[in-house]
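Novice: Protein chains in written order, with my numbering: chain A, 5 to 293; chain B, 86 to 244; chain C, 26 to 106; chain D, 237 to 985. All C-beta atoms in this analysis are idealised placements derived from N, C-alpha and C, irrespective of residue type, glycine included.
1. I need the DSSP call for residue 815(D), collapsed to helix, strand or coil.
2. Take the Cβ of residue 92(C) as the centre, count every other Cβ of all protein chains shown within 10 Å, and call the residue buried at 16 or more, exposed below.
3. With DSSP as the reference, identify every bridge partner of residue 483(D), one or two as the case may be.
4. Taking CB distances under 7 Å as the criterion, tell me whether residue 102(B) reaches chain D.
5. Determine, using beta carbons only, whether residue 293(D) and residue 343(D) come nearer to each other than 7 Å.
6. Using a cut-off of 7 Å between C-beta atoms, extract the partners of residue 904(D) located in chain A.
7. From what residue to what residue does the alpha helix (DSSP H) around residue 210(B) run?
8. Between which two residues does the beta strand (DSSP E) containing residue 129(A) stretch?
9. Check the Cβ of residue 256(D) against every Cβ in chain B and list those closer than 8 Å, keeping chain order.
10. Name the chain D residues that come within less than 7 Å of residue 107(C), Cβ to Cβ?
11. Exposed or buried, residue 65(A), counting other C-beta atoms within 10 Å across all chains shown (16 or more means buried)?
12. In whole angstroms, give me the CA-to-CA distance for residue 11(A) and residue 27(A).
13. Check the Cβ-Cβ distances between residue 243(B) and every residue of chain D, and say whether any is below 7 Å.
14. How about residue 496(D) and residue 750(D): are their beta carbons less than 7 Å apart?
15. How many Å lie between residue 753(D) and residue 788(D) at the Cα?
16. What residues of chain D sit near residue 166(B), judged by a beta carbon separation below 7 Å?
17. Out of 424(D), 436(D), 406(D), 429(D), which one is the CA nearest neighbour of residue 546(D)?
18. Are the Cβ atoms of residue 678(D) and residue 843(D) separated by less than 7 Å?
19. Thinking just about the alpha-carbon of each residue, which of 810(D), 808(D), 783(D), 809(D) is nearest to the one in residue 799(D)?
20. What do you get for residue 238(A), buried or exposed, if any count of 16 or more other CB atoms within 10 angstroms of its CB means buried?
21. If the criterion is Cβ atoms closer than 7 Å, does the pair residue 442(D) and residue 499(D) meet it?
22. Please determine, among 786(D), 704(D), 262(D), 960(D), the residue with the shortest C-alpha to C-alpha distance to residue 846(D).
23. Give the DSSP-derived three-state secondary structure of residue 186(B) in the structure shown.
24. List the residues of chain D that residue 1(A) touches, going by C-beta distances under 7 Å, in chain order.
25. Measuring CA to CA, which of 248(D), 295(D), 684(D), 548(D) is closest to residue 940(D)?
26. What are the boundary residues of the beta strand (DSSP E) that includes residue 533(D)?
27. Taking the alpha carbon of residue 481(D) as the point to measure from, which residue in 456(D), 943(D), 465(D) has its own alpha carbon closest?
28. Answer with yes or no whether the minimum CB distance from residue 188(A) to chain D is below 7 Å.
29. Pick from 905(D), 358(D), 448(D): whose alpha carbon is nearest that of residue 525(D)?
30. Comparing C-alpha positions only, which one of 956(D), 244(D), 421(D) sits nearest to residue 890(D)?
31. With distances taken between CB atoms, is the gap from residue 646(D) to residue 105(C) smaller than 7 Å?
32. Sort out for me which residues DSSP pairs residue 292(D) with in a bridge.
33. Considering only the beta carbon of each residue, do residue 426(D) and residue 539(D) sit closer than 7 Å?
34. Examine chain A for any beta-carbon lying closer than 7 Å to the beta-carbon of residue 151(B), and answer yes or no.
35. Would residue 933(D) be called buried (16 or more neighbouring beta carbons within 10 Å of its own) or exposed?
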């Protein structure tokens, strides 16, 4: 295995473009090192991106959104004094990845590019409408988060391409987001189901919503029907019931060691309701319940 | 396969070593530097027995490459006591029998020290969630949590 | 004579009996007596047995004394975790 | 052995809570565990394992591996002893497959190289050609007519005719006439229960460092619960003489029964012999799950009859246990423990030991008993609920006590079940109000405990301090208990006793640290060794004073003239005697070697409050209390620790832990991420009550405490879930999908 520590994205891309075999980028390392230890995959080329300028920064965009460096850890996001006020759901979702120890290392980009259907950060990122900047030998493009994973362990990134930046949209007025996952224990498990919801209200009425589900399909699923079920409502019981039904209907999960099809389908609806209540409370300025 | 030359600081001392790029920090600590206080319980970040701090932040040394330590500061359980004076957490763990077999103890001590530096007055729930990545199979955690809570109280009183 | 109670799974190996009388003053003699009376028990005894004498479970010692009026039970050998 | 010198009160040291002697080592990282040692010129080894559940090994080609730079040797089955029989053959077959791989993870070859990375690379280059055979991993499926036969001729003579060849042992016991008993009952409940295999889950993987020369002399350092057992087995498997292999037990990072067996040590020794270099072998975590010894999985049928007043009229159980590809599933303990808490006129129990394509089971804390308690105590709870009886009163009404004919045959001596039930009833937890959505469950549990071969020496130093050498590895603080007992007898400060776990070359045979025997048996031996030393000390004082030996007694660390000579001389402190021991007859050493046979059985009663999320089926344990009879608590803090640890493991077993096999017979969750043991945030504080009903078989009344605590939690939680959610779970683990499915079934009527 060749190990590189480039100091610029250009260098990193050049190394990746020239490398033979399997190339991986090391941001947090909490997936790559596990794969190496478990003999699932040892890359031929490993590019440590932590030495690149700016990858540890969290900055406001001129539009009022946020730019997050690709090597910013979950713990650093949680500790940031303002980020969590705008996007509590995104921060909480990232904060659910692994243990305190893993929190000190794991990154949103790593969680995204590992392309696990059960990644915790991704449903929240999708719900929030986050985009990433993808750079490669042929230039740079801006891609919605939901378009990055294409299947378990697979992404839409071409060979030599890497994510260089994460952009969170401006929070704007009267918005709120939330992420919840179901795990059998209280910590340390992979999500059996995850649900991220981001919405905006006008008074008591929901005007915009995005609902994303994790671990219920080969990739994280943005469920328009679930969003439609609550848009125009005050999140009353009927809306919540419709939300749960739409969320469950959007599931096409598998039976595996972590959960059954039936269980995942049912719990997706339960979590959607619970996450919606939290996001709604945040958007309407109520205290978190 | 060529080895990588690393210059780093471990428990306050400058250390140099050569390592294979595939070696983890845990491998380096244990097999190259003789610092066997960090344990390998799983090798995949699930048990916390290999906990160390990297530039003051709690990490699993099994989820970090040895090569990554270059230019950074690592602290291990071996750096916790000052001379013959134990850290208050170490002392309390002995007094409370907060360990049975002792294999998870170094990792738990490193982790709780990092917690108390960040949050000197944690609730029981905060301690439990902070330590969720440090598996202990002997104690049921009861005496560990009590030791941490009482050490925190003592340290707040002393400061 | 000492009356030895077998666990019922051994009946088939002891000609259908679940109580066997043997001449014995120690646990070792109890086991020897059982095999003498019912050679079919040899394998089960070799596989490891304990002997409960008046409620005390003797895991392996053959020298423990047995009285004629002792309550004696053969049990499968104990181990633990 | 006569215990004419019993002491059950007036202790000065026993019952106090001093710091453990090895505390400093354990909190500073200095303690040396299995993987923490090195040797000059050491090699690193990796084991190659079968990816198939059942496959004939057609060919092993290690030429590519051996050609890799840094590789020093490869071993296969051909490098071990031949002609073994009985359990030694089973162990060898498990340690290194012969012509057939019997489970996913079964070792087929091993390689040693100059670094761990090279060894891992080399292992991937060893080519094994398999012919895949049909497999079975489920206990009921393995007993069915069409099940593939794991191994012909594995059954012993106990198995009734007509059973499938995978049934390898059979147990039947009981007394009375259960049919007559059921006829007397007002209510009879019969149910089927299943539990999955669980792993001990010790955090330290198996690890060892071996040397073995062509002269047949070797040294082995390893983490084990019993190094004499390792010595004996390794010598047999390598074909060397036992005494030529010296085994040292490292500090041990948890065992719970799983380190009573031998897995990697013979492989490291074989590689060491082949390469003539020290070889270090450390198991990766997935190998620990796949290829060490989890406990058995079970399928059980329980039938119990009860009168309206709560009297149990009859009980019967059928217990089917699979313990992997080899005989040994502890079904006889499951059967014998199942109804032990109750005085029954009519009881009948049957056990089947079944082989499957899974790893060879090993002991796990009270092997076999927790599963039985799960099934039996669930049925008793159901009977109490339907007959509207208090669960503790009902258990008290039927409780075994001194003189009760036990369900497994003999009469109980002095036991403490009633006392634990009374203490549970009186505990504030039992009457505390519950919140909506919560339910309370209780359960009893029983374990035999064990004595076993034990040797101890206690050598006095010139300054009157003592070096105590014991042969039972310290799994959970036993050095502290040993030092307390020695200090009590010698009348010297606790700090003046240095306790060492001796290696196999320096002490007589010691049975494994299992069966909750350490504080009982090594403790008894320590007391007797100290008394032996005290006798010698008194003799030296008598000689000095010119009075008969029996005219000297030992008080507070001093020889004191007694009887007619009382007051004639000043008390002679221990240090004054030991200072001159070289000139007065030589070193003073106390010994004790025996197989103590008085391990008192032990009972516990647990109370648990659980909360069930009706929308997801997730259970939280919100309050937990353990009440258990310790006989006599030598170091109460470590007794509490055993209670808490057993409860925590039981909670994991009840709710989340399980071996999950795919249709391909491969283990799907061989990592801590998916083998879900309780984490700190999963558990509440675990309250403990130590009941002390002295064991007549120990000089201070000690009973083993380590194992019984894992017996009640499974049923206690099932009973709490039933109370909280109104559904009865008869299959473990009570995972959220299972509870949710049960709730749905109930809703759908």
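Specialist: Let me spell this out:
1. Residue 815(D): helix per DSSP, three-state reduction.
2. Burial call: exposed.
3. DSSP output for residue 483(D) lists 456(D) as bridge partner(s).
4. No, residue 102(B) does not count as interfacial toward chain D.
5. With a cutoff of 7 Å on beta-carbon distance, residue 293(D) and residue 343(D) are scored as not near each other.
6. Listed along the chain, the chain A residues whose CB falls inside 7 Å of the CB of residue 904(D) are 261.
7. Per DSSP, the unbroken alpha helix (DSSP H) holding residue 210(B) starts and ends at 209-215.
8. Careful: residue 129(A) lies outside any beta strand (DSSP E), inside the alpha helix (DSSP H) at 125-132.
9. Residues of chain B passing the Cβ test: 179, 182.
10. Because chain C in this structure spans residues 26 to 106, residue 107(C) falls outside the shown range and cannot be described.
11. Residue 65(A) comes out exposed.
12. Cα-Cα distance, rounded: 17 Å.
13. Not closer than 7 Å to any Cβ of chain D, the Cβ of residue 243(B) fails to qualify, so no.
14. Contact flag set, yes.
15. Residue 753(D) and residue 788(D) have their C-alpha atoms roughly 33 Å apart.
16. The answer, in chain order, is 264.
17. Taking only the C-alpha atoms, the option nearest residue 546(D) is 424(D).
18. Going by C-beta atoms, residue 678(D) is nearer than 7 Å to residue 843(D).
19. Taking residue 799(D) as reference, the option from 810(D), 808(D), 783(D), 809(D) with the minimal CA-CA separation is 783(D).
20. Around the beta carbon of residue 238(A), fewer than 16 other beta carbons sit within 10 angstroms, so the residue counts as exposed.
21. A contact, by the Cβ cut-off of 7 Å.
22. Nearest option by C-alpha distance: 960(D).
23. DSSP places residue 186(B) in coil when its eight states are reduced to three.
24. Limits of chain A in this structure are 5 at one end and 293 at the other, which puts residue 1(A) out of reach.
25. When each option's Cα is compared against that of residue 940(D), the closest is 684(D).
26. Judged by DSSP secondary structure, residue 533(D) falls within the beta strand (DSSP E) whose first and last residues are 533-542.
27. Minimum Cα distance to residue 481(D) is reached at 456(D).
28. With 7 Å as the cut-off, residue 188(A) counts as an interface residue toward chain D.
29. Looking only at 905(D), 358(D), 448(D), the smallest Cα-Cα distance to residue 525(D) is reached by 905(D).
30. It is 956(D).
31. No; because the gap between Cβ atoms is not below 7 Å, this pair is not in contact.
32. Beta-bridge pairing links residue 292(D) to 336(D), 367(D).
33. At a Cβ-Cβ threshold of 7 Å, residue 426(D) and residue 539(D) count as neighbours.
34. No, no contact with chain A.
35. Residue 933(D) is classed as buried because its beta carbon has at least 16 other beta carbons within 10 Å across all chains shown.
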